[in-house]
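**Q**
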Amino acid sequence: MPTPTYINIHTHHPSPQGITVLNTFLQEFQENDSQQYQSVGLHPWHIEEHQGVLNNLTKAADRKHVLFIGETGLDRAIDTPFELQKEVFVQHIQCAEQLSKPMIIHAVRSYPDLLQMRKQSKAQQPWVIHGFQGNLQIAQQLLKTGCYLSYGEVLFKNRPKVIEAFLQTPIDRLFLETDDKKELSIQQVYEQAAQLKEIPIFTLIERISSNFRKLALFEG
Ligand SMILES: [Zn+2]
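For the sequence shown, this note's numbering begins at 6 and goes up steadily by one.
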């Protein structure tokens with residue numbers, strides 16, 4: 006990777022700004038020669054309809070430009086049985102460990118479950134909790150197990166507990182993202198993050214670029 010730039014660790018829309026990790030749902034994954042960095046996984050929302058595609062997970066995830074496994078995870082706000090979600094999540098964890106790739110994780114009302122699975126599975130690969138909206142206490146517990154936290158739209162909202170967690174998230178465990186928000190640019194998210202943390206935006210650009218190289222491009 007050349008000079009430090011904006012890293013959008015999780016987005017559903019390709020963007021010309023900086024480096025983006027384009028989320029690709031496993032059921033839509035296509036073999037191609039694209040140089041676009043991607044993540045691939047079966048989203049908890051799609052488990053019941055598309056569980057069959059899990060057979061293709063390792064093959065798809067093994068592609069060079071697939072840097073992350075996911076988004077995958079746990080969601081207590083949907084009807085899909087939680088035990089089934091856990092089963093599918095474990096398959097993603099195994100895939101990530103087998104291929105030595107980090108994960109992008111979707112978690113709704115399930116941070117304690119996630120923490121428990123992180124510990125139980127003894128996973129070595131870093132997990133990036135995307136769209137993090139937890140409080141300081143759960144943030145610290147996740148950080149202690151080697152997770153990274155990624156923030157996006159929430160930084161513009163009046164959510165004091167999440168903002169407190171954000172302010173206490175060390176920059177070397179931090180990522181930023183636009184997720185599915187088309188109207189939001191990654192530059193805007195960086196500007197907001199820099200303002201909240203009261204640091205120059207270039208510091209964020211440099212240090213998050215370094216996180217990215219370490220995690221995804223296997224550089225010291
Ligand atoms: Zn997403």
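Where is the CB? At the ideal position from N, CA and C, for every residue including glycine.
Predicted, not measured: the structure shown is a model, and the values here were computed from it.
Based on the DSSP secondary-structure assignment, which residues constitute the bridge partners of residue 181?
**A** Beta-bridge pairing links residue 181 to 156.
**Q** Do residue 76 and ligand 1 come close, with the Cβ less than 8 Å from some heavy atom?
**A** Residue 76: yes, Cβ under 8 Å from ligand 1.
**Q** Could you check whether the Cβ of residue 80 sits closer than 8 Å to any heavy atom belonging to ligand 1?
**A** Not so, every heavy atom of ligand 1 lies at least 8 Å from the Cβ.
**Q** Per DSSP, residue 13 is paired with what?
**A** Paired residues: 25.
**Q** Less than 7 Å between C-beta atoms, sequence neighbours within five positions excluded: which residues of the same chain meet that for residue 32?
**A** So the list reads 51, 55 and 58, once near-sequence residues are dropped.
**Q** Do you know offhand how far residue 204's Cα is from residue 196's?
**A** Going from the Cα of residue 204 to the Cα of residue 196 covers about 10 Å.
**Q** Alpha carbons only, please: which of 49, 13 and 135 is nearest the one belonging to residue 81?
**A** With distances taken between Cα atoms, residue 81 lies closest to 49.
**Q** Residue 115 by DSSP, collapsed to three states: which one?
**A** Residue 115 falls in the coil class under three-state DSSP.
**Q** Can you give me the Cβ contacts of residue 199 inside the same chain, cut-off strictly under 6 Å, excluding the 5 residues immediately before and after it?
**A** If we look at residue 199 and ignore the five residues flanking it on each side, its Cβ neighbours are 206 and 209.
**Q** For ligand 3, is there any heavy atom lying closer than 8 Å to the beta carbon of residue 51?
**A** Judged by which ligands are present, ligand 3 is missing from the structure shown, whose ligands are ligand 1.
**Q** Is the separation between the beta-carbon of residue 123 and that of residue 176 shorter than 9 Å?
**A** Contact: no.
**Q** Using DSSP with H/G/I as helix, E/B as strand and the rest coil, what is residue 174?
**A** Three-state DSSP puts residue 174 in coil, outside helix and strand.
**Q** Should residue 13 be counted as a contact of ligand 1 given a C-beta to heavy atom distance under 8 Å?
**A** No; taking the cut-off as 8 Å, the Cβ of residue 13 has no heavy atom of ligand 1 nearer than that.
**Q** Report whether the distance from the Cβ of residue 135 to the nearest heavy atom of ligand 1 is below 8 Å.
**A** Because some heavy atom of ligand 1 lies under 8 Å away, the Cβ of residue 135 counts as near it: yes.
**Q** List the endpoints of the continuous beta strand (DSSP E) containing residue 43.
**A** Residue 43 -> beta strand (DSSP E) spans 43-46.
**Q** Within 10 Å of its beta-carbon, does residue 161 have 16 or more other beta-carbons around it, so buried, or fewer, so exposed?
**A** Classification for residue 161: exposed.
**Q** Nearest to residue 14 by CA position, among 34, 42, 38 and 35, is which residue?
**A** Among 34, 42, 38 and 35, the Cα nearest to that of residue 14 belongs to 42.
**Q** I need the straight-line Cα distance from residue 143 to residue 163, nearest angstrom please.
**A** If I take the Cα positions, the gap works out to 19 Å.
**Q** For residue 208, report the span of its alpha helix (DSSP H) as first-last.
**A** Run containing residue 208: 206-221, per the alpha helix (DSSP H) assignment.
**Q** Considering only residues of the same chain and omitting the five flanking positions on each side of residue 178, which have a CB-CB separation below 6 Å?
**A** Around residue 178: 148 and 153.
**Q** Would you check if the distance between the CB atom of residue 46 and the CB atom of residue 62 is smaller than 9 Å?
**A** A contact, by the Cβ cut-off of 9 Å.
**Q** Cβ-heavy atom distance between residue 18 and ligand 1 below 8 Å?
**A** No, the beta carbon of residue 18 sits no closer than 8 Å to any heavy atom of ligand 1.
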